[in-house]
Amino acid sequence: MTLYGEVIEVGRLTPHMVRVVLGGDGLAEFSPTPFTDQYVNALFLPPGAPYDVPFDPEVVKDAAPEHRPRGRRYSIRTWDPASGRLTIDFVVHGDVGFAGRWATHARPGDRLQIVGPSGGYTPDPDADWYLMVGDESALPAIAASLVRSPA
Ligand SMILES: Cc1cc2nc3c(=O)[nH]c(=O)nc-3n(C[C@H](O)[C@H](O)[C@H](O)COP(=O)(O)OP(=O)(O)OC[C@H]3O[C@@H](n4cnc5c(N)ncnc54)[C@H](O)[C@@H]3O)c2cc1C
Numbered sequence: 315m316t317l318y319g320e321v322i323e324v325g326r327l328t329p330h331m332v333r334v335v336l337g338g339d340g341l342a343e344f345s346p347t348p349f350t351d352q353y354v355n356a357l358f359l360p361p362g363a364p365y366d367v368p369f370d371p372e373v374v375k376d377a378a379p380e381h382r383p384r385g386r387r388y389s390i391r392t393w394d395p396a397s398g399r400l401t402i403d404f405v406v407h408g409d410v411g412f413a414g415r416w417a418t419h420a421r422p423g424d425r426l427q428i429v430g431p432s433g434g435y436t437p438d439p440d441a442d443w444y445l446m447v448g449d450e451s452a453l454p455a456i457a458a459s460l461v462r463s464p465a
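Everything in the sequence shown is counted per my numbering, starting at 315 for the first residue and increasing by one.
Following this line, the structure appears as structure tokens:
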């Protein structure tokens with residue numbers, strides 16, 4: 315099953331964090347996990363790749379090495395089953411990195427192919443307290459975990 319989202323909205327949360335909301339028919343088969351650290355493997359097309367999203371991962375395996383998609387893991391900040399909208403928050407540093415560059419320039423109508431989601435962690439609602447620590451790229455997973463933690 316090939317999953318891909320079409321960019322519906324893009325916004326800057328901070329100078330180094332871009333929020334991308336994906337939607338569309340390519341997410342119709344998206345099946346979330348119950349975990350708050352759930353993430354997808356997002357596949358980014360290198361410049362000049364002679365194919366477009368959606369593509370068959372088996373077929374592009376035979377593409378020239380410089381044209382093969384680059385996989386990067388991204389936490390699911392939110393998934394709204396009613397609207398079929400998937401929100402991902404990207405740390406960006408300008409034109410650095412396949413994923414960061416894509417998010418920096420993302421515009422409505424752009425497409426992103428994904429594999430997953432996977433995950434394995436959810437906060438225990440019976441815990442007395444938690445200390446959640448991470449760098450910027452961990453903030454989306456921490457935020458998703460806080461939403462599911464008792465006040
Ligand atoms: C399970 C999991 C979930 C993740 N979820 C998220 C998520 O929700 N959001 C997110 O943003 N990341 C997330 N990450 C991290 C993300 O996958 C990596 O940062 C990834 O390498 C970014 O890909 P890239 O192609 O943009 O950059 P790459 O080329 O792979 O690596 C370059 C890295 O250096 C960073 N960098 C460049 N310049 C600077 C600078 N001046 N100072 C500091 N850093 C700099 C870039 O931002 C980038 O992260 C997650 C990782 C894992 C394993």
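Even for Gly, the Cβ is constructed at its ideal location relative to N, Cα and C.
In this structure, the straight-line span from the alpha carbon of residue 438 to that of residue 397 is close to 28 Å. Per DSSP, residue 385 is one residue of the beta strand (DSSP E) stretching across 384-389. For residue 430, the shortest separation between its Cβ and any heavy atom of ligand 1 does not lie below 6 Å.
Our two residues, residue 384 and residue 356, have alpha carbons roughly 8 Å apart in a direct line. Counting of Cβ neighbours within 10 angstroms places residue 416 among the buried residues, the total reaching 16 or more. Non-local C-beta neighbours of residue 436 in its own chain, meaning closer than 6 Å and more than five positions away in sequence, comprise 349 and 350, ordered along the chain. For residue 354, the enclosing beta strand (DSSP E) begins and ends at 353-358.
In this structure residue 401 is buried. Its beta-carbon is surrounded by 16 or more other beta-carbon atoms within 10 angstroms.
Residues close to ligand 1 by the beta carbon criterion (under 5 Å to any non-hydrogen atom) are, from first to last along the chain, 353, 386, 387, 388, 389, 404, 405, 407, 410, 411, 412, 413, 414, 451 and 454. Around the beta carbon of residue 353, 16 or more other beta carbons sit within 10 angstroms, so the residue counts as buried. If you look at residue 371, you'll find it in the alpha helix (DSSP H) that goes 371-374. Residues 401 of the same chain have their beta carbon placed closer than 6 Å to that of residue 392, with the five preceding and five following residues left out of the count. In the three-state DSSP reduction, residue 344 falls in the coil class, being neither helix nor strand.
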